[in-house]
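Just so you know, the protein sequences line up as chains A and B, in that order. According to this note's numbering, the first sequence holds residues 1 to 256 in order. According to this note's numbering, the second sequence holds residues 1001 to 1306 in order. We put the CB at the ideal spot given by N, CA and C, even for glycine. Predicted, not measured: the structure shown is a model, and the values here were computed from it. Read the structure below first, then the notes.
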Amino acid sequence: MKRFLPLVAMILSACVAAWPARSDDLVSGLSTDLIQITSNFTGTEIVLFGAIEPTEDTGPAKDQDLVIVIRGPDIDMTVRRKARILGIWVNRQQIELGGMPGYYFLASTRPIDDIASIPTLERFKLGTANLEPTLRSKVDPNDASAFRAAAIRDRKREHLYWESPTGIEFLSRTLFRARIPVPAAVPPGQYRAEVYLFRGGTVVSAQSSPLFIDKSGFERRVYNYAFDASLAYGSAAVAMAFAFGWLAFLLFRQRA
Amino acid sequence: MEVYLPVAELSVNWAMILAMGAAVGFLSGMFGVGGGFLMTPLLVFYGIPPGIAVATQASHITAASLSGALAQWRRQGLDAKMGLMLLLGGIAGSALGVYIFRLLQQSGQIELVVTASYVVLLGSIGGLMLAESVRTIRMARGSASPAPVKTGQHSWIHGLPLKMRFRRSKLYISVIPPLVLGALVGVLTAIMGVGGGFIMVPAMIYLLRMPTNVVVGTSQFQILFVTAATTLLHATSDQTVDIVLAFLLVVGGVIGVQFGVRVGSQLRGEQLRALLAVLVVGVALRLFVGLVTTPADVYSIVAGTP
Chain A
1 MKRFLPLVAM
11 ILSACVAAWP
21 ARSDDLVSGL
31 STDLIQITSN
41 FTGTEIVLFG
51 AIEPTEDTGP
61 AKDQDLVIVI
71 RGPDIDMTVR
81 RKARILGIWV
91 NRQQIELGGM
101 PGYYFLASTR
111 PIDDIASIPT
121 LERFKLGTAN
131 LEPTLRSKVD
141 PNDASAFRAA
151 AIRDRKREHL
161 YWESPTGIEF
171 LSRTLFRARI
181 PVPAAVPPGQ
191 YRAEVYLFRG
201 GTVVSAQSSP
211 LFIDKSGFER
221 RVYNYAFDAS
231 LAYGSAAVAM
241 AFAFGWLAFL
251 LFRQRA
Chain B
1001 MEVYLPVAEL
1011 SVNWAMILAM
1021 GAAVGFLSGM
1031 FGVGGGFLMT
1041 PLLVFYGIPP
1051 GIAVATQASH
1061 ITAASLSGAL
1071 AQWRRQGLDA
1081 KMGLMLLLGG
1091 IAGSALGVYI
1101 FRLLQQSGQI
1111 ELVVTASYVV
1121 LLGSIGGLML
1131 AESVRTIRMA
1141 RGSASPAPVK
1151 TGQHSWIHGL
1161 PLKMRFRRSK
1171 LYISVIPPLV
1181 LGALVGVLTA
1191 IMGVGGGFIM
1201 VPAMIYLLRM
1211 PTNVVVGTSQ
1221 FQILFVTAAT
1231 TLLHATSDQT
1241 VDIVLAFLLV
1251 VGGVIGVQFG
1261 VRVGSQLRGE
1271 QLRALLAVLV
1281 VGVALRLFVG
1291 LVTTPADVYS
1301 IVAGTP
């Protein structure tokens, strides 16, 4: 085990600075590194594939585990809890959660709780239960965890968070693959695909590659106009309504 | 069949949205109402965020009201001076409404306020309409003619100052009631995404005592500008207008209106009103049930980029 310590230290420091594009015994890649949201975008699927190259140090394949994580850009979430007041359900409490990923996909070879200890998982933010959002509002800790759990539940329902403990397929002893579903509601931005190789509950190798999800030409222009030139954008919406209303009047007059 | 909405950031079935626009357009052509009270709940049921639904479908009403107002103008069924007074109040009202909308959006109560105002307004107006039309239908069966609404009768409204002559409406009244009425409807337009025709029309007949033949055109004239202003205000203040969604609704809507007008012209007035009332009460009930039943998840999440 002692032989591994310098390696682990090296990887950990590399994690803090910049991710290595390639580690000694782990290679991986994405089927695409750019997803364009076009007008007929209904979600897509990408594939992460890779190989564990056997090295001299490689022990028996049995105690090695892989974890793949795709993280979207951080977003803020407002979580509200309803309560019944005079028979009507009203939003009573709300908290703001910061630094939650807008998209989170995790696939592993086994349930992650069996792969490593909670502190390790927390350090690498592996598993939705180990995401630590920053609280922007004062709430008591019990409440905060209920709100956080609700946020994660909601994201899972929207298929924006996904945990698949058996989502990594091994095509051979060294070659692996994971299918990553990307729903239509993904937030655009910079994503990161991370692959962790665990041996005996410790990260021995890790790798990260970027993934960009961006609205394509028309969709991005519309969105930008709506925010940067909102007066012109609003005028365009009104002008369109006028044009069609006028057109309908002309058609109506001819038919009547 | 799917199209991505760039501002709502989700994809919808465009044929479905087009059909919704057409269906609501059909009803609004048939009944002479804007149809916002149907469109907003429909869009929300479909999964469009309420804020975007309210702001975006205002342009659907703009298009429908423009074609309606132009048609009325041609047959002299539009009092432009009265419309202008209502409009002045309406613009102020919609600015206030957009401001209130934003406050409510930040406090998380927008959904509750929108739904509750729908239940109260639709429930009461629908109930009144239903009662009135059933009475009329019964009277018609008993072959007794209902008492017509007399124009030009005096009420407390005629005691107010700042009088002005409205030729086409054959009225000489204070400008305060039209301004207040316009403002009230403007607030509703901004908060609920409705044109407010279903409040404006009865108020013009029963409060301002305008002749019925100029009421619909005048209300459409004012709604047209108020919804246009609301679209602009929402676009600039909270960026909740999705132009792709608006386009689909408008196109579906103007087609639907054509067919609605034809069917509507073959039905009798009180039958139309009774049908509309049933529809309005139905929507109110559906929304009320949503307010009182225990939600599947008491938590709701709004995600946004920091």
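Its chain contains I1091 and S1094 as the residues whose beta carbon lies nearer than 7 Å to that of A1229/B, once the 5 sequence neighbours on both sides are disregarded; these appear in chain order. In this structure, the beta-carbon distance from I213/A to I70/A does not fall below 8 Å.
Taken through DSSP and simplified to helix, strand or coil, L1043/B comes out as helix. When rounded, the separation of the alpha-carbon atoms in L1171/B and R92/A is 49 Å. At least one CB of chain A lies nearer than 8 Å to the CB of T1062/B.
Take the alpha-carbon of M1210/B and the one of V1120/B: they are about 26 Å apart.
At a cut-off of 8 Å between C-beta atoms, L1027/B does not count as an interface residue with respect to chain A.
Annotation for G200/A: D63 place their beta carbon closer than 7 Å to its own, counting only its chain and skipping 5 residues before and after. Between the alpha carbons of F198/A and L1018/B lies a distance of about 52 Å. For S31/A, DSSP assigns no beta-bridge partner whatsoever. One thing to note: M240/A has its Cβ within 8 Å of the Cβ of V1250/B. Runs of the alpha helix (DSSP H) lying entirely within the stretch 70-123 of chain A, each at least 4 residues long, are 112-115 and 118-123 in chain order. The beta carbons of F41/A and Y1004/B sit closer together than 8 Å. Closer than 8 Å to the CB of F1247/B there is at least one CB belonging to chain A. Each of S1067/B, E1002/B, T1056/B and G1036/B was checked against the Cα of G1217/B, and the nearest Cα belongs to S1067/B. Between S31/A and G50/A, the CB-CB gap reaches or exceeds 8 Å. Y223/A is not bridged by DSSP to any residue. Chain A places a beta carbon closer than 8 Å to that of Y1299/B, counting this residue as a contact. In the three-state DSSP reduction, T44/A falls in the strand class (E or B). For A1183/B, same chain residues with a beta-carbon under 8 Å away, outside a window of 5 residues either side, are G1089, G1090, A1092, G1093 and L1096 in chain order. Contact annotation: the stretch 219-227 of chain A does not touch the stretch 127-141 of chain A, with fewer than three C-beta pairs closer than 8 Å. Selection L1038/B, G1252/B, V1214/B and R1141/B evaluated against G1193/B yields L1038/B as nearest (Cα-Cα). Nearest Cα to A1116/B within the set S1133/B, R1286/B and P1295/B: R1286/B. Q190/A carries a strand assignment under DSSP once its states are collapsed to helix, strand and coil. In the three-state reduction of the DSSP assignment, K215/A falls in the strand class. Residues of chain A with a Cβ closer than 7 Å to the Cβ of P1295/B are, in chain order, K82 and W89.
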